[in-house]
Structure formats: C-alpha cells, structure tokens
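Residue numbers 1 to 193, in full-length UniProt numbering, belong to the letters of the sequence shown in order. Even glycine gets a Cβ: it sits at the ideal position worked out from N, Cα and C. In this text the structure is predicted, and so the values were computed from the model without any measurement. Notes follow once the structure below has been shown.
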Amino acid sequence: MIYPTMLEGKRIQLLPLRLDHAEELFKCAGYPEIWTYLPNKVEKFEDMVELINNSIQAKESGLEYPFVVYDKELKKLVGSTRLLNISEANRNFEIGWTWYTPEVWRTRVNTECKYVLLKYGFEEFQAVRIQFKADIRNERSNRAIERIGAVKEGILRQDRILHDGYIRNAYIYSVIRPEWPDIKMKLEEYLSN
1 MIYPTMLEGK RIQLLPLRLD HAEELFKCAG YPEIWTYLPN KVEKFEDMVE LINNSIQAKE
61 SGLEYPFVVY DKELKKLVGS TRLLNISEAN RNFEIGWTWY TPEVWRTRVN TECKYVLLKY
121 GFEEFQAVRI QFKADIRNER SNRAIERIGA VKEGILRQDR ILHDGYIRNA YIYSVIRPEW
181 PDIKMKLEEY LSN
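Written out as structure tokens, the structure reads:
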C-alpha cells in the first residue's frame, strides 16, 4: 500500500512525520495538559526525539503512519496524528495518537484533520472500518469523536498503562463504510463555515 505524502484541507496539511520535525514539534508541545491522557509525556527535547523515532520504527514495520499537522493560517506545525493498527488485509485502521498545541484547540484544525484522514481511509485506502479510542476521562477528546459522528461501541477495560502508571480504560468508537457518506456530508457542513 502506498500512503499519502500529503493530505490537505483548507487550513491544514498533514505531512509524513520526520526526525527533522522534532525541534518545531517540541516548541508546540510544551504544555503539560497535552500529555495528560497520552501514553508518553514530552518534557524535554529528547522525549520528542524518542517519540518520533518510535513512530518512524512503527511506520517502517507497517503498523503505523504518523503525520505532522501544519497549520496554513498560523504558518507552523501545531501537532501530530497517526494511522495506527493498520490492517491492509482487513481494510481497517485507527486514527489516534493525536495531539495539538492548545493554541488550536476548539478551532477547525481537529475537525479538518479527521475529515481528511477519514476521506483518505474510505475513498483511497478503501477501508471498511476506521476506529478511534480515547481515555474515558478525556471529555474533550470523547466529545470531539462523538461530534464527527463516530459510534461509541463500548469500553476497553485497562487497555493501557500511561506514563504516570495510571491504568486507563478507553472508549472505543468506529465509523464503518456505510456510514461514511452521511458523516462526510456532516463534516463538510461543519467545515463550510
């Protein structure tokens, strides 16, 4: 499977994550609230380098495809997102490991990222299912996933140990192929404003 070298919306571009993004990503990652519900925590530059190197290794193994998020309005990188648990045989993957600098929280950035990733998934990758997971305590992420129209399927109990030792429970959501046309229309309405 050939993955995209760029996905683009009106405000954002998703570009393949590279090690030379580390410095700019580290600048926008310096907010502890970003890392509360994520498995790793970025406190120093070396943490960002390790995070990127791990992502690139997962990409090389075919399990993940990580992107940086470039904000065309702000003219800078504002975060990262990934395709995870990629299964070409089953034509599915997960969208996750998404984080943004708080400067773009509650803007169109996240909606547009999800839209271009879902569009790629259903229209180019020919996915039958795309899933999302979020810590059940992460109200902001859960609301965002529900807002795009993903269906909450249940709770994955104790699915991950976070950087602080907390064993989290996560909600699991999905969008399946027959739901995509309605969700696409809904997202395009959100993004038309």
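Taking the Cα positions, D159 is about 20 Å away from R140.
The alpha carbon of Y31 has as its nearest neighbour, out of I12, L14, I136, V78, the alpha carbon of V78. Taking the Cα of K72 as reference, the smallest distance to any Cα among W35, N92, V128, K10 is reached at K10. About 5 Å separates the Cβ atoms of L156 and A170, confirming a contact at the 8 Å cut-off. Burial is judged here by how many other beta carbons sit within 10 angstroms of a residue's own beta carbon; P66 has at least 16 and is buried. Shown here, N169 sits in a strand according to DSSP, grouped into three states.
Classified as exposed, L19 has fewer than 16 neighbouring CB atoms from the shown chains inside 10 Å of its CB. Counting the other Cβ atoms within 10 Å of the Cβ of Y70 gives 16 or more, which makes it buried.
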